[in-house]
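So the sequences go chain by chain: A and B. Sequential numbering of the first sequence, starting at 1, is according to UniProt numbering. Sequential numbering of the second sequence, starting at 1, is according to UniProt numbering. For each residue, glycine too, the CB sits at the ideal point set by N, CA and C. These numbers come from a predicted model, not from an experiment.
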Amino acid sequence: MGSTSAFNRRDLVKRAAALGIVAVPAMGMLSACAGGGSDSDNKVEKGKKSAKNPLAVNESAGLDVVIFDGGFGDKYAKDAQSEYLKAFPKAEGKVKLTSTQKIQSTLQPRFNGGNPPDLVDNSGAEQMDFGTLVGKDQLTDLTALLDAPSVDDPNKKVRDTLRPGVVEMGQFGGKETWILYYAYTVYGVWYSQGNLRKLDAEYPETWDDMLALCAKAKKKGVAGWTYPGKYPYYLPFSLYPFIAKIGGAEVLRKIDNLEPNAWKDPAVKAAFDAYYELYKKGYVLKGSPGLDHLQSQKAWAEGKALFIPNGSWVENESAQQIAKNPDFDLAVGAPSSLSDSDKMPYGTIWASGGEPFIVPRKARNAEGGMELLRLMLSKKSSQNFIKQVSSLTSLNGGTEGLKLPPGLASAQVALQKAGQNIVNPRMQDWYVALQKERIGVAALGEMMAGRLTPDEAIKKIQKYADDTRDDSSVKKYKR
Amino acid sequence: MKHGKYRFIAGFLVLPLAIYAIFVISPFVQAIYYSFTDWTGLSPDMKVVGFDNYARLFQDDVFWSAVGNSVTLLLLLPVVTLSLGLFFAFMLNVGGRRRKKAVIGGVRGSGTYKILYFFPQVLSVPIVALLFQFAYNPESGALNAFFKAIGLDNVQPDWLGDPQIALWCVMAAMVWANVGFYVVLFSAGMSSIPKDFYEAALLDGANRFNTFFRITLPLLWDTVQTGWIYMGILALDVSAFAFVQIMSVGPGGPDYSTEVLPLYVYQKTFRDGQAGYATAIGVSLLIVTLVFSAVVMRLGRRERLEF
Numbered sequence: 001m002g003s004t005s006a007f008n009r010r011d012l013v014k015r016a017a018a019l020g021i022v023a024v025p026a027m028g029m030l031s032a033c034a035g036g037g038s039d040s041d042n043k044v045e046k047g048k049k050s051a052k053n054p055l056a057v058n059e060s061a062g063l064d065v066v067i068f069d070g071g072f073g074d075k076y077a078k079d080a081q082s083e084y085l086k087a088f089p090k091a092e093g094k095v096k097l098t099s100t101q102k103i104q105s106t107l108q109p110r111f112n113g114g115n116p117p118d119l120v121d122n123s124g125a126e127q128m129d130f131g132t133l134v135g136k137d138q139l140t141d142l143t144a145l146l147d148a149p150s151v152d153d154p155n156k157k158v159r160d161t162l163r164p165g166v167v168e169m170g171q172f173g174g175k176e177t178w179i180l181y182y183a184y185t186v187y188g189v190w191y192s193q194g195n196l197r198k199l200d201a202e203y204p205e206t207w208d209d210m211l212a213l214c215a216k217a218k219k220k221g222v223a224g225w226t227y228p229g230k231y232p233y234y235l236p237f238s239l240y241p242f243i244a245k246i247g248g249a250e251v252l253r254k255i256d257n258l259e260p261n262a263w264k265d266p267a268v269k270a271a272f273d274a275y276y277e278l279y280k281k282g283y284v285l286k287g288s289p290g291l292d293h294l295q296s297q298k299a300w301a302e303g304k305a306l307f308i309p310n311g312s313w314v315e316n317e318s319a320q321q322i323a324k325n326p327d328f329d330l331a332v333g334a335p336s337s338l339s340d341s342d343k344m345p346y347g348t349i350w351a352s353g354g355e356p357f358i359v360p361r362k363a364r365n366a367e368g369g370m371e372l373l374r375l376m377l378s379k380k381s382s383q384n385f386i387k388q389v390s391s392l393t394s395l396n397g398g399t400e401g402l403k404l405p406p407g408l409a410s411a412q413v414a415l416q417k418a419g420q421n422i423v424n425p426r427m428q429d430w431y432v433a434l435q436k437e438r439i440g441v442a443a444l445g446e447m448m449a450g451r452l453t454p455d456e457a458i459k460k461i462q463k464y465a466d467d468t469r470d471d472s473s474v475k476k477y478k479r
Numbered sequence: 001m002k003h004g005k006y007r008f009i010a011g012f013l014v015l016p017l018a019i020y021a022i023f024v025i026s027p028f029v030q031a032i033y034y035s036f037t038d039w040t041g042l043s044p045d046m047k048v049v050g051f052d053n054y055a056r057l058f059q060d061d062v063f064w065s066a067v068g069n070s071v072t073l074l075l076l077l078p079v080v081t082l083s084l085g086l087f088f089a090f091m092l093n094v095g096g097r098r099r100k101k102a103v104i105g106g107v108r109g110s111g112t113y114k115i116l117y118f119f120p121q122v123l124s125v126p127i128v129a130l131l132f133q134f135a136y137n138p139e140s141g142a143l144n145a146f147f148k149a150i151g152l153d154n155v156q157p158d159w160l161g162d163p164q165i166a167l168w169c170v171m172a173a174m175v176w177a178n179v180g181f182y183v184v185l186f187s188a189g190m191s192s193i194p195k196d197f198y199e200a201a202l203l204d205g206a207n208r209f210n211t212f213f214r215i216t217l218p219l220l221w222d223t224v225q226t227g228w229i230y231m232g233i234l235a236l237d238v239s240a241f242a243f244v245q246i247m248s249v250g251p252g253g254p255d256y257s258t259e260v261l262p263l264y265v266y267q268k269t270f271r272d273g274q275a276g277y278a279t280a281i282g283v284s285l286l287i288v289t290l291v292f293s294a295v296v297m298r299l300g301r302r303e304r305l306e307f
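Given below as structure tokens:
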């Protein structure tokens, strides 16, 4: 196939490429702009401070809110938005509420470009890394909000109406509070009282009882436990407080601080051995290593397994399946006692804030964002949230006069029983990759699938923790 | 006259070249630049850190298992998909029993098969991935239910939950989703091979095996080569990402057994806030892709047969 044209095609391509190379350096200059947002101050003017407007919100300024549309939906935020409009009628039509599951891919360009929204619910699988946001100074300090009077009682600061530990969770070693956790989650062993009654059993308060109950269930063809093997980082919801119960809260603190050999603590080994025994004796629902959270919750709600490590959102997430069994009677249990020498009493449980809200540093209307949060922390909005999604909020109390659904009522009882013995491990918000992928998928998941012994799992996790400590690209925290 | 011609052509090329430079070349250059910074992806401020990101790559176990899995996909996926595609296309067009008048023909019902093979092609990748995920569900999935039904109660693999077979499970779904396209592509190629070639071969007493390797494959070589590169890129690219992201335990698989390079890029950018490091991984992915294309072009170089 000869070319008849004097002009050779290959030649043309070569020349075009040469032209492209000339163009490249010019493009390099463009790239300098792509990452750099303008630093010009584009904030709206502050409004007038008054008793009704303690944060001095500009009454007619727009407000831009992005909500994670996950297990809790976005209706509670829309309701709060109408409260905001009641307080600031001049902002009518200028309040924009977006709900998405893709928090990071939606917001990353806006953070990079320097025009982030005024309030963000930074949650879900695409949660932006808090360590990075704080480290790069991208967030507004919420102290002003915490020191503002609460909506319900002008003599009380917002700070004093929150549940214990919530403010501390939003801090990163300094005085500033960067994050406000709106939901309040109780983690633990979730089960159906109805299904236990069928076996003539109560929730086992000791591990021996637990094993005995699992053996009994196995005879009836019911598994003792299941868990989402696809996301094995659900296991810590009951495993971490179990470790704390056996060896004291100190063990978890050392783990969070990435101290050398923190995982080699005997309490860790004892807890791992106990869970491994569940697998060994065949008390874990077959196939669990291949299930995701919805599939495992479904199997559990259908009564194929008695227990599942989970958080209080499970009541909302599995509502449809649970409703199929009117006798289900959802409840949460604290980790069983392993032996009499456990350092913490029975009832020790993991509870902490969920749904982290942030106000970006470069938000145009930061005051408005904080004001919306303040309104959300009123008793009215809080009760609205509880009713809608059966989860507690960070507002302490606020449940008076509400008929709580069974799971939430049981969580409330568990919190009361725990009293001071509430633990709050920070791995999952400080070191996401370490917690979810390394410890969760690569070690705990492998152990519960029987492919690693507890000793091997501990060794592996300790190495991962050491690697993270030595990784200069990961910001470290201490508590 | 010749110069005028150049100017004439260049005039037409200015706009496309500019667009190409802005939207294709400049992102490449930017990515390479970012891979030398500590950019987080969450704030515009960053500093140049030299080769730190690349030094880190060498010590990153997860990166290496991602490279391993990506290369496995790269080597096996095209072979399996294209072989199946060729085999099916041959059976549909040439492999059938000889009938009156027609020199060659497909197996009985080949029209129906064509539709069946092409069917997965009209489903989007996430749907295929989800379908397979349901089938692989160890607790209520079709595969384990099938094993139970035929009396193999003890054979109940965890499929995607087992690091030994997870990658194969993902690969099977990818083959299933892609093979139809190649059946159609190769069918088109085969239909342009003159029938007299087959007639001559058949008169000489060639069997199906011989007609395939002596006539069909050599005359189809260009198409196969294109398909090979296309499939290889797909194995390294977003398609692998989507399948692994949706199907895999983790994602990234149990014990990183299905971690692939594009997924790792995504995780480092969107989960860990390390966009600079992620672009370094991206650049290494670019290198793997370039090496692959070069090798395939080199190996596939053959004299072109004209007919």
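Please tell me whether residue i and residue j are closer than 9 Å, where the distance is taken between their beta carbons.
i	j	result
GLY229(A)	ALA449(A)	yes
ASN316(A)	GLY71(A)	yes
ASN310(A)	TRP190(A)	yes
ALA217(A)	LEU119(A)	no
LEU375(A)	ALA87(A)	yes
LEU92(B)	VAL107(B)	yes
VAL260(B)	VAL244(B)	yes
ALA280(B)	TYR54(B)	yes
TRP313(A)	GLY354(A)	yes
SER192(A)	GLY333(A)	no
ASP79(A)	ASN384(A)	yes
VAL158(A)	LYS379(A)	no
ILE246(A)	SER339(A)	yes
Can you grab the Cα-Cα spacing for the pair residue i / residue j, in whole Å?
i	j	result
LYS387(A)	GLY401(A)	11 Å
LEU434(A)	ALA244(A)	19 Å
ILE150(B)	PHE51(B)	57 Å
TYR84(A)	PRO236(A)	38 Å
THR289(B)	THR258(B)	19 Å
GLN267(B)	SER70(B)	16 Å
TYR34(B)	VAL134(A)	21 Å
PRO54(A)	ASN365(A)	15 Å
VAL122(B)	PHE186(B)	18 Å
ILE349(A)	MET247(B)	33 Å
LYS459(A)	LYS264(A)	8 Å
SER50(A)	LYS156(A)	16 Å
ILE322(A)	ALA299(A)	11 Å
PHE12(B)	GLY4(B)	13 Å
ALA21(B)	LEU285(B)	21 Å
LEU408(A)	GLY232(B)	52 Å
ALA240(B)	THR226(B)	19 Å
GLY290(A)	GLY440(A)	14 Å
Can you name the start and end residues of the alpha helix (DSSP H) that residue i belongs to?
i	result
PRO454(A)	454 to 470
ASN122(A)	Neither: ASN122(A) is in no alpha helix (DSSP H) and is coded neither H nor E.
residue 311(B)	Absent from the model: residue 311(B). The displayed extent of chain B is 1 to 307, so no value can be given.
TRP168(B)	166 to 191
ALA363(A)	Per DSSP, ALA363(A) belongs to no alpha helix (DSSP H) and is neither H nor E.
Can you list the residues of chain A that residue i reaches, using a CB-CB cut of under 9 Å?
i	result
GLU199(B)	Simply none; closest approach about 26 Å.
TYR182(B)	None at all; the shortest Cβ gap to chain A is about 26 Å.
GLY252(B)	GLU437, VAL441 and ALA442
Tell me whether residue i, by its Cβ, gets closer than 8 Å to a heavy atom of the ligand PLP.
i	result
GLY282(A)	Because no ligand of any kind appears in the structure shown, any question about the ligand PLP cannot be addressed here.
Along the beta strand (DSSP E) that carries residue i, what are the first and last residues, could you check?
i	result
ALA256(B)	In the sequence under discussion, the amino acid at residue 256(B) is Tyr, which differs from the Ala named in the question. That residue, TYR256(B), is in no beta strand (DSSP E); it is neither H nor E in DSSP.
List the residues of chain B that residue i touches, going by C-beta distances under 8 Å, in chain order.
i	result
MET128(A)	LEU42 and GLY273
GLN101(A)	Those within 8 Å of GLN101(A) in chain B number zero; the least Cβ separation is about 13 Å.
ASN112(A)	GLY41, LEU42, SER43 and PRO44
Residues of chain B with CB closer than 7 Å to the CB of residue i, please, in chain order.
i	result
LEU133(A)	LEU42
Would residue i pass as an interface residue toward chain D - the criterion being a Cβ-Cβ separation below 9 Å?
i	result
GLU371(A)	In the displayed structure, chain D is absent; the protein chains listed are A and B.
Could you list which residues in chain A have their beta carbon closer than 7 Å to that of residue i, in chain order?
i	result
ASP255(B)	ALA442 and GLU446
For the region 228 to 242 of chain A, enumerate the residues whose C-beta is nearer than 7 Å to any C-beta of chain B, in chain order.
GLY229 and LYS230
Please name the residues in the region 138 to 161 of chain B whose beta-carbon is closer than 9 Å to at least one beta-carbon of chain A, in chain order.
PRO138, GLU139, SER140, GLY141, ASN144, GLN156, PRO157, ASP158, TRP159, LEU160 and GLY161
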